[in-house]
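Report on one structure; see the data block that follows.
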Amino acid sequence: MPRLAVARFSHEGNSFSPVPTGLPEFRREWYRGQEAEAVYRGTTTEGGGAVAFLDARPEWRGSFLRMTGATPAGPVTRDAYEAIVGEIVADLRDGGPGGGGPGGGGPGGEGWDAVFVSLHGAMLVEGMDCADTETVRRIREAIGPDLPLGVSFDLHANLDPRIAGLVTVAAGFKEHPHTDMAETAGRVLDLLDRTVRGEIRPVGHIAKLDAILPSINMRTAEGPMAELEAFARGLECDPRILDASPFGGFSYGDTAVAGAGAMVFADGDRELARAAAGRLVDEMRRRLDRFYIALPSAEEGIARALRSEVRPVAVIDSGDNPLSGGIADTPEMLRALLAAAPEIACVFAFLADPGLVERCRAAGEGGTVEGTLGGRISRDFGPPVPFAGTVRRLTDGNYVNSGPMMHGLPMSLGPTAMIDVGNVGIIVTTACGSAHDPAFFALHGIDVAATAVLCVKAKNHFRAAFGAICPAMIDIDAPGPAALDIAGFPFRLAPPTLYPLRAG
Numbered sequence: 006m007p008r009l010a011v012a013r014f015s016h017e018g019n020s021f022s023p024v025p026t027g028l029p030e031f032r033r034e035w036y037r038g039q040e041a042e043a044v045y046r047g048t049t050t051e052g053g054g055a056v057a058f059l060d061a062r063p064e065w066r067g068s069f070l071r072m073t074g075a076t077p078a079g080p081v082t083r084d085a086y087e088a089i090v091g092e093i094v095a096d097l098r099d100g101g102p103g104g105g106g107p108g109g110g111g112p113g114g115e116g117w118d119a120v121f122v123s124l125h126g127a128m129l130v131e132g133m134d135c136a137d138t139e140t141v142r143r144i145r146e147a148i149g150p151d152l153p154l155g156v157s158f159d160l161h162a163n164l165d166p167r168i169a170g171l172v173t174v175a176a177g178f179k180e181h182p183h184t185d186m187a188e189t190a191g192r193v194l195d196l197l198d199r200t201v202r203g204e205i206r207p208v209g210h211i212a213k214l215d216a217i218l219p220s221i222n223m224r225t226a227e228g229p230m231a232e233l234e235a236f237a238r239g240l241e242c243d244p245r246i247l248d249a250s251p252f253g254g255f256s257y258g259d260t261a262v263a264g265a266g267a268m269v270f271a272d273g274d275r276e277l278a279r280a281a282a283g284r285l286v287d288e289m290r291r292r293l294d295r296f297y298i299a300l301p302s303a304e305e306g307i308a309r310a311l312r313s314e315v316r317p318v319a320v321i322d323s324g325d326n327p328l329s330g331g332i333a334d335t336p337e338m339l340r341a342l343l344a345a346a347p348e349i350a351c352v353f354a355f356l357a358d359p360g361l362v363e364r365c366r367a368a369g370e371g372g373t374v375e376g377t378l379g380g381r382i383s384r385d386f387g388p389p390v391p392f393a394g395t396v397r398r399l400t401d402g403n404y405v406n407s408g409p410m411m412h413g414l415p416m417s418l419g420p421t422a423m424i425d426v427g428n429v430g431i432i433v434t435t436a437c438g439s440a441h442d443p444a445f446f447a448l449h450g451i452d453v454a455a456t457a458v459l460c461v462k463a464k465n466h467f468r469a470a471f472g473a474i475c476p477a478m479i480d481i482d483a484p485g486p487a488a489l490d491i492a493g494f495p496f497r498l499a500p501p502t503l504y505p506l507r508a509g
């Protein structure tokens, strides 16, 4: 019976976030062994895709090693990186949960027949460039040069071309919002299965675009990224092409391999993979200008929303989107909303402020609180906003995603509070999470469909669940770690020849 090792170490690093990512942040998704299998079963995640693969193929025996991921933020601390990678590598050498024993692992990966790893592709680590490459290199060293190794990547990976020579096969998400995580894992695992059976001999190539693309116009329902995904599907009509994945890259990762690109794996024909990846990058270059768009300011967006006759309307602040490394602390959208003194019901989601949550808990539901909101972590994105309000709701911050993205995955924000300031309900959390799922709002007693204006720190992922609920959406550009002007950030490691850095 062939044996499969499954591991996950996923993080998207924002070089311009003032908040580092340590081990406590990863422990919010921290599973191993049978617990991992139980948690991921039925979810629309890469872990869920691995469970489904093993259920469908009883001839395989799977072992879940460390499975972890953290909300995008600043670089991962070196200690956290070494602890997590060290555990995965040790399990690969020793046989995984429960140790070696009959059929267990050992030096050079003895006992494993294949390894699947869920990575992001845009991880940053303190004092290390190309962190995902280093992770793959260490895994390859642990399992030996010939053992089949498959990897899944996020569509926003800043891929290092060297990775193509370290893995056996890989694929990236094809949907943005990322509703195809499980399918991507299944695709890689199917290719690993065929490799182990001797049906295919995957070889790959990664080509890079000489540009950093903003992700705001990278949705795959329409626009230039949708066209690129369609072109990639056309390449896959050639049965020799095993996978063709365009990567938009992560705009805020300052690394030597920054920027968009493409990855193609072919069956035994490296030149075919190289040529196909080059064609995908050429198609990206033809559409380059269409990725760069302008957005209204926070004040303009709020004014448009309050005038709108369509309800509910969502105002989306992508500059502080937690799934782009935002810190849920920038104040400009909230400042504009409170200054407008709306006469209709509005919700603001959200700010992360553990001290304010504690004060709300002390005051109790119905109690009063006052002080400032935002600008707690950094004043670089604007000064705090004064407020006085009433505590409407207190929660434990725990919920399970009910929308299409990461459906079924447990989430934890730590204790939270909802504060009413006039007609504006403001959600405050202990941890920085993401407000892309309906369960986030249900936790706070909010019926989004009955809310006139919803102001949310989010980006494209929000549309996966709320596109059918909010008939009007207004993206805005406000100061934050993920603001629209890429050239305005202090890149140091990215090649200065990349557009739009060279334009600045």
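Going left to right, the sequence shown walks through residues 6 to 509 as the numbering used here numbers them.
Note that beta-carbon positions come from the ideal geometry of N, C-alpha and C, so glycine has one too.
Legend entry - G330 in three-state terms, based on DSSP: coil
> According to the Cβ coordinates, are K213 and L328 closer than 8 Å?
Replying inline: no
Quiz prompt | I144: first and last residue of the uninterrupted alpha helix (DSSP H) it sits in | solution = 136-148
If I follow the unbroken alpha helix (DSSP H) through V201, where does it start and stop? 186-201
Tell me, please, which residues DSSP counts as bridged to K179. K179 is not bridged to any residue.
Note to self: Just to confirm, is the Cβ distance from L285 to F353 under 8 Å?
What the structure shows: no
- Just how far apart, CA to CA, sit E363 and V426? 18 Å
For L489: DSSP bridge partner residues: BP columns for L489 are empty, so no partner.
I'd like the list of long-range same chain contacts for P182, defined as Cβ closer than 7 Å, with 5 residues on each side in sequence excluded. M410, N465, H466, R468, A469
- prompt: What are the start and end residues of the beta strand (DSSP E) that includes F255?
  reply: First-last for F255: undefined, no H or E at that position.
Please report the distance separating the alpha-carbon of C351 from that of L343.
10 Å
Cβ shell of T335 (< 7 Å), same chain only, five flanking positions each side left out:
G324, D325, G379, F386, G387, A483, P484, G485
- Under the three-state DSSP convention, the category G394 falls into: strand
- request: Could you tell me which residues DSSP pairs with S68 in its beta bridges?
  value: A10
| message | Quick check: the Cα distance between H16 and H161, rounded to an integer number of angstroms? | response | 11 Å
Between D442 and N403, which are expected to be in contact by the criterion C-beta below 8 Å, what is the C-beta distance as a whole number of angstroms? Incorrect: roughly 13 Å between the Cβ atoms, too far for contact.
Going by the DSSP bridge assignment, what does L154 pair with across the sheet?
V120
What residue from P495, V461, F471, L503 has the CA that sits closest to A303's CA? V461
What residue range does the alpha helix (DSSP H) around I474 cover? Looking at the DSSP string, I474 is not in any alpha helix (DSSP H), and its letter there is neither H nor E.
| So, is P391 buried or exposed, given that buried needs 16 or more other C-beta atoms within 10 angstroms? | exposed
Taking the alpha carbon of G419 as the reference point, which residue from L356, R397, D452, E370 has its own alpha carbon closest?
L356
How far does the alpha helix (DSSP H) with E232 in it reach, from first residue to last?
229-240
Problem set entry | Cβ neighbours of I221 in the same chain (closer than 8 Å, five flanking residues each side left out) | I298, L300, S323, K464, N465, D480, L489
_Residue nearest to R202 in terms of C-alpha spacing, selected from E51, L448, E146, E64_ = E64
**Asked** Quick one: is the Cβ of E131 within less than 7 Å of any heavy atom of the ligand COA?
**Response** In terms of ligand content, the structure shown is empty, and the ligand COA therefore cannot be addressed.
Leaving out the 5 sequence neighbours to the left and right, which residues in its chain are closer than 6 Å to T400 when beta-carbon positions are compared?
T421, L448
| message | Looking at I168: is its Cβ nearer than 8 Å to the Cβ of V141? | response | yes
**Asked** Which same chain residues, not among the five before or five after I1, have their C-beta less than 8 Å away from its C-beta?
**Response** The question about residue 1 has no answer, for the chain in this structure spans 6 to 509.
- Task: Write down the C-beta distance between D296 and G177 rounded to the nearest angstrom, noting that I regard them as a contact closer than 8 Å.
- Result: Asp is not the amino acid found at residue 296; the sequence shown has Phe there. With 8 Å as the limit, F296 and G177 do not qualify as a contact, their Cβ atoms being about 17 Å apart.
From which residue to which residue does the alpha helix (DSSP H) around G306 run? 303-312
**Prompt:** Since D272 is in the beta strand (DSSP E), which residue starts that stretch and which ends it?
**Reply:** 266-272
| task | Measure the alpha-carbon distance for E188 versus G273 and round it to whole angstroms. | result | 24 Å
Practice item. Can you have a look at V429 and say buried or exposed, based on whether 16 or more other CB atoms are within 10 angstroms of its CB? Key: buried
query: I think L414 touches T76, with their Cβ atoms under 8 Å apart; what is that distance to the nearest whole Å?
result: Not a contact, Cβ separation roughly 12 Å.
**OP:** Would you give the residue range spanned by the beta strand (DSSP E) that E348 belongs to?
**Re:** Careful: E348 lies outside any beta strand (DSSP E) and carries neither H nor E.
- prompt: Under the three-state reduction of DSSP, which class applies to S220: helix, strand or coil?
  reply: helix
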